[in-house]
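Novice: Which chain is which? The protein sequence lines are A and B, in order.
One rule links them: number in this note's numbering = place in the first sequence (from 1) + 28.
One rule links them: number in this note's numbering = place in the second sequence (from 1) + 1256.
Idealized CB from N, CA, C, for every residue including glycine.
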Amino acid sequence: MSNNAKKYSVVMLGGHEFKRVKNGLDEAQVASFIDELIKERDKLAQSQDHIASLNRLADRYSRHY
Amino acid sequence: MSNNAKKDGAVVLGGREFNRVKNGLDEAQVASFIDELTKERDKLAQSHDHIASLNRLAEMTVVEADKLATQVKAEAAEQAKAESTAIIDKTKEQARQLAEQKIAEAIEIANEKANAIKAKAEEDAALLLENQKSKIRSELHNLVNQQFGYMLEELEGLKRQAAAVQADFDTKLSKPIEEDSAAAVETAKESDAAAAEEKDAAAAKITEESDAIAAKIAEERDAAAAKIAEAIDAAAAEIAEESDAVVAEEKETTVAEEKEAAAAKITEESDAIAAKIAEERDIAAAEIAEEIEAAAAKITEESDAIVAEEKEAAAAKITEESHNIAAEEKEAPAAAIAEESKATEEHPEPSQAADQIEKSLDLSKLLEMEDQTELGKPQWEVEILPPFDIAKIMEVVSFLDQLPEVANTEMIVPQIDMPSILVFLRGPLNLVDVLQTMPAVDHVEEVTTDKAATDGEPGKGPRKARISLSGNTTSQEKK
Chain A
29 MSNNAKKYSV VMLGGHEFKR VKNGLDEAQV ASFIDELIKE RDKLAQSQDH
79 IASLNRLADR YSRHY
Chain B
1257 MSNNAKKDGA VVLGGREFNR VKNGLDEAQV ASFIDELTKE RDKLAQSHDH
1307 IASLNRLAEM TVVEADKLAT QVKAEAAEQA KAESTAIIDK TKEQARQLAE
1357 QKIAEAIEIA NEKANAIKAK AEEDAALLLE NQKSKIRSEL HNLVNQQFGY
1407 MLEELEGLKR QAAAVQADFD TKLSKPIEED SAAAVETAKE SDAAAAEEKD
1457 AAAAKITEES DAIAAKIAEE RDAAAAKIAE AIDAAAAEIA EESDAVVAEE
1507 KETTVAEEKE AAAAKITEES DAIAAKIAEE RDIAAAEIAE EIEAAAAKIT
1557 EESDAIVAEE KEAAAAKITE ESHNIAAEEK EAPAAAIAEE SKATEEHPEP
1607 SQAADQIEKS LDLSKLLEME DQTELGKPQW EVEILPPFDI AKIMEVVSFL
1657 DQLPEVANTE MIVPQIDMPS ILVFLRGPLN LVDVLQTMPA VDHVEEVTTD
1707 KAATDGEPGK GPRKARISLS GNTTSQEKK
């Protein structure tokens, strides 16, 4: 998120645009939290992909034998 | 994230506290995005948990599958074991039945072959026994014929000795007859009568002893034949028993080997039995020969003793009577003696004269017969066809000797050819017709190859006749 493009009164975090407003939330804190959530989501997604690939391998193994 | 707690100057979103700052991010957008990310994370976490539970279930299923596989495997192994046991038992039963069938077939074949071997061995043994019987029979025939010839020769010798004694006695008697008187004639008559009686008694005794010895020889021959037959029967029974034992052994052991062993054993037993039979035959033949020799020696010895005894008795009697005549001559007047002598010569008593003439004729015939026999001019030759029976032959010879036309007979017993009887005739006689009347003779035929020979013509051979003996000769031979 550190390489978020910053426009005028718009901030890009996690591929999502946020408007700047008066009396808004701290950008660093939000960016850190969003980065943490995305990492956790990617990790789970990666684990699910791994399990899916194992399932495909098991299916292929069971079909083969 | 919509229920975020708001503090003073701070905002809580997704369980995280955010500070409010000047020119910060739009709270609504941040909240929406965080809410979206949180939902997505929770969904993935839930899916991960579901997969984990599935994984545990799969592990449990695998464990159960392993247990089930082990159980199935054990059951399959047990079932396979039972089925294999059943298959093995069935195969064993089939193999046993097949083996029994093969054994039965092999036993049947072995029995057939053993029976064939046994039959052949029995046939060979019977043939061997028959050959041995024939051989022993022929040897016995030869021995008996030989001994019979010897006995006949001995009898002829005795006859000649008796004739010589008679001639000597007649010579001694002739002198007193010429010189002296009726007393000498009386003495000669008595001496002749005594000598004739003694001669007849000796001949009867010799004939009786010869018959007894011949009967004894025949009895011993029959006993030997019975002994040989018994040994042969025992050998045949032993062969049969051994064959049965061999067949029984064959059933228990390997057929082919036992068959060969049985064949070898049967052959060996047959050889042993044949050797045993040959040995017993030789022993029996030796015993018979010894007995025949002993009998012949006994006959000779007894004949010699009888002849010597007769000679001594006749000589003693002649000497005694001569002494008596001399004493009477001394006492009686010479004239009376002369007168008596003259009267006797002119008018002899009929009976005394007939006896004297008959005796003189007998003696002259005997001497003529001896002369003819010595000259070797038989008128007939009677050939005897086999089978031979000594008693029958003796009967024929005795019958021919008793005929008045027959001067003498002579038995010829060759080693190889058939025996024959030479007949010396005093007068004409059709011997074929005479022989046909004999019960001991079964068949008579005249051999016409030498017809020219008739009644002792000089320079030509005798007439020949062939006879075969009748009666139970065949059964005796078979015994």
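Is there a Cβ from chain B that is less than 9 Å from the Cβ of A:Leu41?
Specialist: Yes, A:Leu41 lies at the interface with chain B (some Cβ there is under 9 Å from its Cβ).
Novice: Using a Cβ-Cβ cut-off of 9 Å, state whether A:Leu85 counts as contacting chain B.
Specialist: Not closer than 9 Å to any Cβ of chain B, the Cβ of A:Leu85 fails to qualify, so no.
Novice: Per DSSP, what kind of secondary structure is B:Met1667 in: helix, strand or coil?
Specialist: Three-state DSSP puts B:Met1667 in a strand.
Novice: Tell me the DSSP secondary structure of B:Thr1689 in three-state form.
Specialist: The question names Thr, but residue 1689 of chain B is Asp in the sequence shown. It is helical.
Novice: With distance defined between alpha-carbon atoms, name the residue in A:Asp70, A:Val58, A:Ala80, A:His44 nearest to B:Glu1273.
Specialist: For the residues A:Asp70, A:Val58, A:Ala80, A:His44, the minimum Cα distance to B:Glu1273 belongs to A:Val58.
Novice: Given this structure, state the Cα-to-Cα distance separating B:Leu1656 from B:Phe1425, to the nearest angstrom.
Specialist: The straight-line gap from Cα to Cα measures roughly 28 Å.
Novice: Considering Cα atoms alone, identify which of B:Met1667, B:Leu1725, B:Ala1572 is closest to B:Phe1644.
Specialist: Closest by alpha carbon: B:Leu1725.
Novice: Thinking C-beta only, is B:Leu1293 closer than 9 Å to A:Gly52?
Specialist: Taking 9 Å as the Cβ cut-off, A:Gly52 and B:Leu1293 do not qualify as a contacting pair.
Novice: For A:Ser75, which residues in chain B fall below 7 Å Cβ to Cβ?
Specialist: The contacting residues are His1304.
Novice: What span of residues does the alpha helix (DSSP H) with A:Ile62 cover, start to end?
Specialist: Taken as a continuous stretch (DSSP letters only), the alpha helix (DSSP H) holding A:Ile62 covers 55-92.
Novice: For A:His44, decide whether its Cβ has a neighbour in chain B, counting only Cβ atoms nearer than 9 Å.
Specialist: At least one chain B Cβ lies under 9 Å of A:His44.
Novice: Quick check on DSSP: helix, strand or coil for B:Asp1698?
Specialist: In the structure shown, B:Asp1698 sits in a strand (DSSP, three-state: E or B).
Novice: DSSP on B:Glu1454, reduced to helix/strand/coil?
Specialist: Helix at B:Glu1454.
Novice: Just checking B:Glu1464 against the ligand NAP - is the residue's beta carbon closer than 8 Å to any of the ligand's heavy atoms?
Specialist: Questions concerning the ligand NAP fall outside what the structure shown contains, since it holds no ligand whatsoever.
Novice: Grouping DSSP H, G and I as helix and E and B as strand, with all else coil, what is B:Gly1742?
Specialist: Since the displayed chain B opens at 1257 and closes at 1735, residue 1742 of chain B lies outside it and no answer follows.
Novice: List, in chain order, every chain A residue whose beta-carbon is nearer than 8 Å to that of B:Leu1293.
Specialist: The contacting residues are Gly42, Ile62, Leu65, Ile66, Arg69.
Novice: Please decide whether B:Lys1337 counts as near chain A, where near means a Cβ-Cβ distance under 9 Å.
Specialist: It does not; no Cβ of chain A falls within 9 Å.
Novice: Chain B beta carbons: is any one of them nearer than 9 Å to that of A:Arg48?
Specialist: Output row for A:Arg48: interface = yes.
Novice: Counting only Cβ pairs nearer than 7 Å, list the residues of chain A close to B:Arg1272.
Specialist: Residues of chain A passing the Cβ test: Phe61.
Novice: Mind reading off the beta-carbon distance from B:Ala1721 to B:Glu1651? Whole number of angstroms is fine, and I expect it under 8 Å.
Specialist: Not quite, the Cβ-Cβ distance comes to about 16 Å (not below 8 Å), so this is no contact.
Novice: B:Glu1296 CB to nearest chain A CB: under 9 Å?
Specialist: True, the Cβ-Cβ gap to chain A drops below 9 Å.
Novice: Return the first residue and the last residue of the alpha helix (DSSP H) that B:Phe1655 is part of.
Specialist: From DSSP, the alpha helix (DSSP H) with B:Phe1655 extends over 1646-1658.
Novice: For the region 1310-1326 of chain B, list every residue whose C-beta sits within 7 Å of some C-beta in chain A, in sequence order.
Specialist: Answer set for the region 1310-1326 of chain B: empty.
Novice: Can you tell me whether B:Arg1276 is helix, strand or coil according to DSSP?
Specialist: Strand.
Novice: Where does B:Thr1347 land, buried or exposed, given buried means 16+ other C-beta within 10 angstroms?
Specialist: Exposed is the call here.
Novice: I believe B:Glu1661 touches B:Gly1683 by the beta-carbon criterion, under 8 Å. Please report the beta-carbon distance rounded to the nearest angstrom.
Specialist: Indeed they touch by this definition, with Cβ atoms about 5 Å apart.
Novice: So what does A:Arg48 bridge to, in DSSP terms?
Specialist: B:Leu1281, per the DSSP bridge assignment.
Novice: Within 9 Å of any Cβ in chain A, is that where the Cβ of B:Asn1275 sits?
Specialist: Yes, because at least one Cβ of chain A sits closer than 9 Å to the Cβ of B:Asn1275.
Novice: For B:Lys1329, which residues in the same chain have their Cβ closer than 6 Å to its Cβ, ignoring the five residues on either side in sequence?
Specialist: Counting only Cβ-Cβ distances below 6 Å, and skipping sequence neighbours, we find nothing.
Novice: Over what stretch of residues does the beta strand (DSSP E) that includes B:Arg1682 continue unbroken?
Specialist: Counting along the chain, B:Arg1682 falls outside any beta strand (DSSP E), and DSSP gives it neither H nor E.
Novice: Got a sec, what are the start and stop residues for the beta strand (DSSP E) B:Glu1639 sits in?
Specialist: Taken as a continuous stretch (DSSP letters only), the beta strand (DSSP E) holding B:Glu1639 covers 1636-1641.
Novice: Going by C-alpha distance, which of B:Leu1681, B:Ala1325, B:Val1638 is nearest B:His1699?
Specialist: Nearest C-alpha to B:His1699: B:Val1638.
Novice: Comparing C-alpha positions only, which one of B:Glu1386, B:Gln1658, B:Ser1676 sits nearest to B:Ile1646?
Specialist: Per the Cα distances, B:Ser1676.
Novice: Rounded to whole angstroms, what is the Cα-Cα separation between B:Leu1691 and B:Ala1471?
Specialist: So the two alpha carbons sit approximately 24 Å from each other.
Novice: Can you pull the chain A residues whose beta carbon is under 9 Å from the beta carbon of B:Lys1278, in chain order?
Specialist: Within 9 Å Cβ-Cβ: Lys50, Asn51, Gly52.
Novice: In angstroms, rounded to a whole number, what distance separates the CA positions of A:Glu68 and B:Glu1334?
Specialist: A:Glu68 and B:Glu1334: Cα-Cα distance of roughly 55 Å.
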